[in-house]
């Protein structure tokens, strides 16, 4: 397995352990994270960002809706389109704390200079692979 693949697996495992004491699954956590930086996002777009089928995402969205964390809002222009929005019931602070813990664990023993170089290289790789 590639280093990037291993890191991805380790990050997911770490997050699953951190989330085990909450009522949120890893998939739900990822959805909340994407919604935190967005006003309106469609279910289809969320599925694309998460690289899952819309049907798979539907279960997690329903769970989040039942928990009162999100709401579905039907588009006024196209009734087939649902926008997903966060409600005020989401504990943003808990999610931020979890992500800070992950970052602290992942960057332990790495200098700021090395982190800056790594960030620059990863940004270049992302730019190279970005679809035009």
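Residue numbers (the working numbering): 5 to 136.
For glycine and all other residues, C-beta sits at the position ideal for the given N, C-alpha and C.
The structure presented is a predicted model; accordingly, all values stated were derived computationally and were not measured.
Pairwise C-alpha distance: residue j and residue i
{"i": "residue 32", "j": "residue 42", "result": "16 angstroms"}
{"i": "residue 97", "j": "residue 12", "result": "23 angstroms"}
{"i": "residue 126", "j": "residue 34", "result": "21 angstroms"}
{"i": "residue 24", "j": "residue 30", "result": "9 angstroms"}
{"i": "residue 112", "j": "residue 99", "result": "20 angstroms"}
{"i": "residue 10", "j": "residue 58", "result": "26 angstroms"}
Beta-carbon spacing of residue i, residue j below 8 angstroms
{"i": "residue 88", "j": "residue 114", "result": "no"}
{"i": "residue 83", "j": "residue 27", "result": "no"}
{"i": "residue 103", "j": "residue 18", "result": "no"}
Of the residues the options, the one placed nearest residue i, counting alpha carbons only
{"i": "residue 54", "options": "44, 69, 38", "result": "38"}
Anticipated Cβ contact below 8 angstroms, residue i with residue j, distance rounded
{"i": "residue 36", "j": "residue 73", "result": "7 angstroms"}
{"i": "residue 47", "j": "residue 61", "result": "6 angstroms"}
According to DSSP, residues forming a beta bridge with residue i
{"i": "residue 90", "result": "74"}
{"i": "residue 122", "result": "Residue 122 pairs with nothing; no bridge assigned."}
{"i": "residue 46", "result": "87"}
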